[in-house]
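Mapping of the sequence shown onto this note's numbering: residues 744 to 1137, in sequence order.
Quick reminder that beta carbons are idealized off the backbone N, C-alpha and C, glycines included.
All values derive from a computational prediction rather than experimental measurement.
Working notes, structure below.
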Amino acid sequence: MPLANGRPYLAIPGPSVMPDRVLQAMHRPAPNIYTGELVDMTETLWPDLRALAGTRGHVALYIANGHGAWEAANTNVFSRGDTALVLSTGRFGIGWAESVAALGVRAEIVDFGTQAMDMTRAAQALRDHRDAKAVLVTQVDTSSSARTDIAALRAAMDAAGHKGLLMVDCIASLGCDEFRMDDWGVDVMVSASQKGLMVPPGLAFVWASDKARAVGQGAGLRTPYWDWTARFDARFFYQYFGGTAPTHHLYGLRAALDMIAEEGLPQIWDRHRRLARGLWAAVDHWGQNGDLRLNIADPDARGHAVTTIRTTGGDGTRLRRWCEQEGGVTLGIGLGMNTPEDPASDNAFRVGHMGHVNAHMVLGVLGVIEAGLGALGIAHRPGGVTAAVQAMGA
Ligand SMILES: *Cc1c(COP(=O)(O)O)cnc(C)c1O
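Take a look at the structure:
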């Protein structure tokens, strides 16, 4: 007998759970886009967006998803024939490389597959490609859940004498994992609204340092819509958006930034760390009998907002189906985790635990997964939820 009726829970790594406060802020008649409350409110967003990234630099907003954020960053920095060094730790690193290559930029890809970055290999690549105009990296790759130590990568660039820009994709990690743009020497950072920022898909953000602005000046790939100059320096309201403002998303974003400010970024990072530790403890516990295991073995190299779990025998897909149909929880598909033996990535699944999530939500997901493991006869050591409770409190 299915137990799925009730409030559904989309526990995939984006779009994430939207707080009622965000949804309620969006539930309003169309505002005037020429003067008045929306125009005034929008001015309050920029300082908060800078604080969120940990930068005193520039921020531009686009009506776009994460792919749009990639293209915005790419077109403002590169000219055709430039080189980008892409250090990829999963499907999204490769995606950014494909995005920049399609524009006519030479993408030198160092592919770490579905595993965390090997800093020795990264350092060698930095020495081999000193001519690259920029180094592109994903802080947390949402497919593998590998997290890259951005400060360490900056140090490796400096040690290699690499003068290129450091460009970081924080789409899966901003507002979840610690990130300090200026302290860590990041030149360009991209994110989007639908993950840690708890707003529906539709807003893309690009932050840039003064150096990135200067290096990008005259970039040959700039087009009027993506050009960040007018968005950074807008004199008229429409220039922030290259046209009509994303009116309701802006109200949602205002509410989300208020919630982030009220909780505090360090507290938010800590909440994500503790919830992740609980989730990881459950998987480790289940895996003591059977084939379930975390894709990233080293806890220090895992993102705290998404976790990729490996199974065997197609159990990942079976488990996802069971959890949705019987438990009302939708888990994330295995993305970019395919192998010749498992072309559809049926052995991998992901749990999103980003943004508006708390203990009862993560423990609820784990409880349903454990029920599914039992119902489907997938080998595991029972008691993972108890292990999670202990690890969260620790
Ligand atoms: C979600 C995500 C993207 C892509 O975002 P879309 O909104 O789907 O275009 C890119 N990079 C990372 C790290 C992501 O998590």
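Cβ-based burial, residue i [other Cβ within 10 Å; buried from 16]
{"i": "L869", "result": "buried"}
{"i": "G904", "result": "exposed"}
{"i": "A845", "result": "exposed"}
{"i": "F948", "result": "buried"}
{"i": "E1005", "result": "exposed"}
{"i": "N1038", "result": "buried"}
{"i": "N1090", "result": "buried"}
{"i": "N817", "result": "buried"}
{"i": "D884", "result": "buried"}
{"i": "T798", "result": "buried"}
{"i": "R771", "result": "exposed"}
{"i": "H1103", "result": "exposed"}
{"i": "R1053", "result": "buried"}
{"i": "R890", "result": "buried"}
{"i": "L746", "result": "exposed"}
Any non-hydrogen atom of ligand 1 within 7 Å of residue i CB
{"i": "Q858", "result": "no"}
{"i": "A868", "result": "no"}
{"i": "G838", "result": "yes"}
{"i": "P989", "result": "no"}
{"i": "P944", "result": "yes"}
{"i": "A935", "result": "yes"}
{"i": "A915", "result": "yes"}
{"i": "F835", "result": "yes"}
{"i": "H872", "result": "no"}
{"i": "D884", "result": "yes"}
{"i": "T881", "result": "yes"}
{"i": "D912", "result": "yes"}
{"i": "N808", "result": "yes"}
{"i": "K876", "result": "no"}
{"i": "K906", "result": "no"}
{"i": "G757", "result": "yes"}
{"i": "K954", "result": "no"}
Beta-carbon spacing of residue i, residue j below 8 Å
{"i": "V843", "j": "V931", "result": "no"}
{"i": "P989", "j": "P758", "result": "no"}
{"i": "C913", "j": "Q882", "result": "yes"}
{"i": "A998", "j": "A773", "result": "no"}
{"i": "R849", "j": "D825", "result": "yes"}
{"i": "S916", "j": "G939", "result": "yes"}
{"i": "H1123", "j": "G1059", "result": "no"}
{"i": "W950", "j": "H801", "result": "yes"}
{"i": "T1073", "j": "A754", "result": "yes"}
{"i": "G1107", "j": "G749", "result": "no"}
{"i": "S886", "j": "M1080", "result": "yes"}
{"i": "V853", "j": "W839", "result": "no"}
{"i": "A1040", "j": "A1130", "result": "no"}
{"i": "W1065", "j": "G1115", "result": "yes"}
{"i": "G1075", "j": "G1095", "result": "yes"}
{"i": "A1118", "j": "A859", "result": "no"}
Span of the alpha helix (DSSP H), counted from its first residue to its last, around residue i
{"i": "A803", "result": "Run containing A803: none in the alpha helix (DSSP H); it sits in the beta strand (DSSP E), H801 to I806."}
{"i": "A850", "result": "From DSSP, A850 is part of no alpha helix (DSSP H) but of the beta strand (DSSP E) over R849 to D854."}
{"i": "G836", "result": "R834 to A844"}
{"i": "S1000", "result": "A small correction: the amino acid at residue 1000 is Leu; Ser does not occupy that position in the sequence shown. T990 to E1006 is the extent of the alpha helix (DSSP H) around L1000."}
Enclosing beta strand (DSSP E) for residue i [first to last residue]
{"i": "S831", "result": "T826 to S831"}
{"i": "Y752", "result": "Y752 to A754"}
{"i": "S934", "result": "V931 to A935"}
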